[in-house]
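Just so you know, the protein sequences line up as chains D and F, in that order.
Count along the first sequence from 1, then add 4; that gives the number in the working numbering.
Count along the second sequence from 1, then add 4; that gives the number in the working numbering.
Each residue gets a CB set at the ideal place from its N, CA and C atoms; glycine is no exception.
Number of protein chains: 2
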Amino acid sequence: MARTKDENTEGQILDAAKKVFQSKGMDGARMQEIADKAGINKAMLHYYYRSKQLLFEAVFKNAFSLLAPQLNAILNDDSSIEDKIRNFTSDYLTFIIKHPYLPNFIIQELNRNPDFIAKLKENTGFPNLEKFKLQVAYEVEHGSIKPISAEQLFINIMALNIFPFVAKPLIMAFTDTDSTTFKQLMEDRKTEVSNFIINAIKPA
Amino acid sequence: MARTKDENTEGQILDAAKKVFQSKGMDGARMQEIADKAGINKAMLHYYYRSKQLLFEAVFKNAFSLLAPQLNAILNDDSSIEDKIRNFTSDYLTFIIKHPYLPNFIIQELNRNPDFIAKLKENTGFPNLEKFKLQVAYEVEHGSIKPISAEQLFINIMALNIFPFVAKPLIMAFTDTDSTTFKQLMEDRKTEVSNFIINAIKPA
DNA sequence: ATTTAGTTTAACCAACTGGTTAACAAAGAT
DNA sequence: ATCTTTGTTAACCAGTTGGTTAAACTAAAT
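So this is what it looks like as structure tokens:
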């Protein structure tokens, strides 16, 4: 079985663990399956990561460190709200196609163990709303967008962009689409969603 | 430990199984824990439901049969799109507070086993978009709402209403809120979200 | 009172799971 | 050359897990 890279064992383990944990979750993942997928002995997993829990945490932090910069883009750069929304919806879709299991993995595991997020908050680069709050307040005051709290707007942006991928099987069933049609539906959302949000907050 | 009802054993099992499965998922749930919570012997679970898988399916179908009517309300009744949106966002929030684990449970388990939805589709009352499609097309044509496909609108409505509860721990961390403040944030969304959607599709 | 059917229990079991161990190989370090 | 560190393996282990079994209890029907 060809490995993705002929790199060090530690990396091969992390690669394999990522795949297994992200598709089966902490509880559903089996150390043996990870070892098989990495092409090594099960004892090696413990040699490098000591326990299932620590290996899982390595995978989780890794996953989160991919998602966080995406969110920070919308929170901390200097463009207007409208530009941010357009860029984010487009960028996020490109990102999510590369990492389809990622948002569901993070959400699922944080629900299983909500305290785990405390460990992530200590990390630098954890998304922070402060700057975005000021910007929204400013644009509301100047009448360039309708009155809305930064929290609600941020939740709406996340919801519209992330939810369809988290609830993919449900949405495919409701809209009676196959994988190809679903992909097209998501592709359409690149512009659809930003227009939707911008219309919603555009002043009358 | 006082049971919720002094009803039949089968019901007590289903009650206990619901709690355990919905908070821990299929993989994380333990038959012993369900038995303990139901105050009975583990063998009884198999006597009434034969296997973990079948007990799980009973719980899952039960959960889905609670959610489906909520969605059908927006798809199949006769009020205007605007009225539907206002009613749905308000009703759904009331509903979700009663069943906080429900959407996450359904989404999580469908992602684990997407084929499972086929079994649900056979069931009567499975949400169907056809009527909603006609209505959206009609209102678009008559200019009472901006051009949008029924699928995209439906996804947006679901996303804005369901996502915050699915991603609760994530959102609480980003917005730096405790449980009480989060509840208030969700309460605000009863009107906030419907206004947001209606503004987004209101003709210029 | 005895049969019968449904219900409940304690004890048991084989398979699986995360984790350990001890022996061994490769590669620097001395 | 040999010692030490690091990497790797097969075999093993104890605890857990879903599931089974056979016997016992219960209550209604005969």
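Residue i: contacting residues in chain F (beta-carbon distance under 7 angstroms)
| i | result |
| --- | --- |
| residue 114/D | 173, 174 |
Whole-number beta carbon distance between residue j and residue i, since they are thought to touch under 8 angstroms
| i | j | result |
| --- | --- | --- |
| residue 203/F | residue 203/D | 7 angstroms |
| residue 70/F | residue 131/F | In fact, because the Cβ distance is near 13 angstroms, the residues do not count as touching under 8 angstroms. |
| residue 133/F | residue 193/F | Actually they are not in contact, since the Cβ atoms of residue 133/F and residue 193/F sit about 24 angstroms apart, beyond 8 angstroms. |
| residue 150/F | residue 207/F | 6 angstroms |
| residue 190/D | residue 167/F | Not confirmed; about 15 angstroms, so no contact. |
Range of the contiguous alpha helix (DSSP H) that encloses residue i
| i | result |
| --- | --- |
| residue 52/F | 46 to 53 |
| residue 154/F | 154 to 170 |
| residue 149/D | Residue 149/D -> no alpha helix (DSSP H), and no H or E assigned at all. |
| residue 60/F | 56 to 80 |
| residue 123/F | 120 to 126 |
| residue 195/D | 183 to 205 |
| residue 12/F | Careful: residue 12/F lies outside any alpha helix (DSSP H) and carries neither H nor E. |
| residue 131/D | Element bounds for residue 131/D: n/a, residue is neither H nor E. |
| residue 39/D | 35 to 42 |
| residue 94/D | 85 to 102 |
| residue 115/F | 106 to 116 |
Inter-residue Cα distance where the pair is residue i and residue j
| i | j | result |
| --- | --- | --- |
| residue 46/D | residue 33/D | 13 angstroms |
| residue 19/F | residue 14/D | 44 angstroms |
| residue 6/D | residue 165/D | Caution applies to residue 6/D, whose pLDDT of 34 falls short of 50 and renders its modelled position unreliable; the model cannot decide the point. |
| residue 73/F | residue 106/F | 14 angstroms |
| residue 58/F | residue 25/F | 12 angstroms |
| residue 112/F | residue 196/D | 26 angstroms |
| residue 137/F | residue 155/F | 8 angstroms |
| residue 115/D | residue 38/D | 23 angstroms |
| residue 82/D | residue 135/D | 10 angstroms |
| residue 65/F | residue 147/D | 48 angstroms |
| residue 67/D | residue 29/D | 13 angstroms |
| residue 122/D | residue 181/F | 13 angstroms |
| residue 171/D | residue 118/F | 11 angstroms |
| residue 16/F | residue 102/F | 19 angstroms |
| residue 185/F | residue 93/D | 28 angstroms |
| residue 40/F | residue 63/F | 17 angstroms |
| residue 31/F | residue 205/D | 42 angstroms |
| residue 43/D | residue 56/D | 17 angstroms |
| residue 100/D | residue 79/D | 18 angstroms |
| residue 104/F | residue 199/D | 31 angstroms |
| residue 23/F | residue 35/D | 28 angstroms |
| residue 153/F | residue 179/D | 11 angstroms |
| residue 77/D | residue 21/F | 42 angstroms |
| residue 9/D | residue 95/D | Note that residue 9/D scores a pLDDT of 40, beneath 50, so its modelled location is shaky and nothing firm can be said. |
| residue 201/F | residue 27/D | 33 angstroms |
| residue 129/F | residue 91/D | 39 angstroms |
| residue 187/F | residue 158/D | 16 angstroms |
| residue 60/F | residue 110/F | 12 angstroms |
| residue 169/D | residue 169/F | 15 angstroms |
| residue 12/D | residue 48/D | 12 angstroms |
| residue 108/D | residue 120/D | 16 angstroms |
| residue 127/D | residue 183/F | 22 angstroms |
Neighbouring residues, chain F, relative to residue i (Cβ below 8 angstroms)
| i | result |
| --- | --- |
| residue 150/D | 203 |
| residue 207/D | Chain F residues near residue 207/D: none, gap ~10 angstroms exceeds 8 angstroms. |
| residue 125/D | 177 |
| residue 95/D | Chain F residues near residue 95/D: none, gap ~18 angstroms exceeds 8 angstroms. |
| residue 87/D | Correct list: empty, because the minimum Cβ distance to chain F is about 18 angstroms. |
Contact set between residue i and chain D, taken where Cβ atoms lie within less than 8 angstroms
| i | result |
| --- | --- |
| residue 131/F | 178 |
| residue 81/F | Per Cβ cutoff of 8 angstroms: no residues; residue 81/F is ~17 angstroms from chain D at best. |
| residue 56/F | The contacting residues do not exist; residue 56/F stays about 13 angstroms from chain D at best. |
| residue 44/F | Neighbours of residue 44/F on chain D: none; closest Cβ ~24 angstroms, over 8 angstroms. |
| residue 40/F | Result: empty, since nearest Cβ-Cβ is about 19 angstroms, beyond 8 angstroms. |
Where residue i meets chain D, residues with beta-carbon distance less than 9 angstroms
| i | result |
| --- | --- |
| residue 32/F | 29, 30, 31, 32, 116 |
| residue 182/F | Under the 9 angstroms cutoff, chain D gives no residues; its nearest Cβ is about 12 angstroms from residue 182/F. |
Cross-chain neighbours of residue i in chain F, by beta carbon under 9 angstroms
| i | result |
| --- | --- |
| residue 108/D | 111, 112, 115 |
| residue 121/D | 173, 174, 176, 177 |
Contact set between residue i and chain D, taken where Cβ atoms lie within less than 7 angstroms
| i | result |
| --- | --- |
| residue 160/F | 164, 200 |
| residue 189/F | 155 |
| residue 196/F | 156 |
| residue 168/F | 159, 163 |
| residue 90/F | Near residue 90/F there are no residues of chain D at all, since even the closest Cβ is about 15 angstroms away, more than 7 angstroms. |
beta-carbon residue i near the ligand ZN non-hydrogen atom, thresh 7 angstroms
| i | result |
| --- | --- |
| residue 105/D | The model depicted lacks the ligand ZN and carries no ligand whatsoever. |
Q: Take every Cβ of the stretch 51 to 59 of chain D, pair it with every Cβ of the stretch 79 to 94 of chain D, and state whether three or more of those distances are shorter than 8 angstroms.
A: No, they do not touch.
**Q.** contact_flag[the stretch 175 to 190 of chain D, the stretch 142 to 150 of chain D] where n(CB pairs < 8 angstroms) is 3 or more
**A.** no
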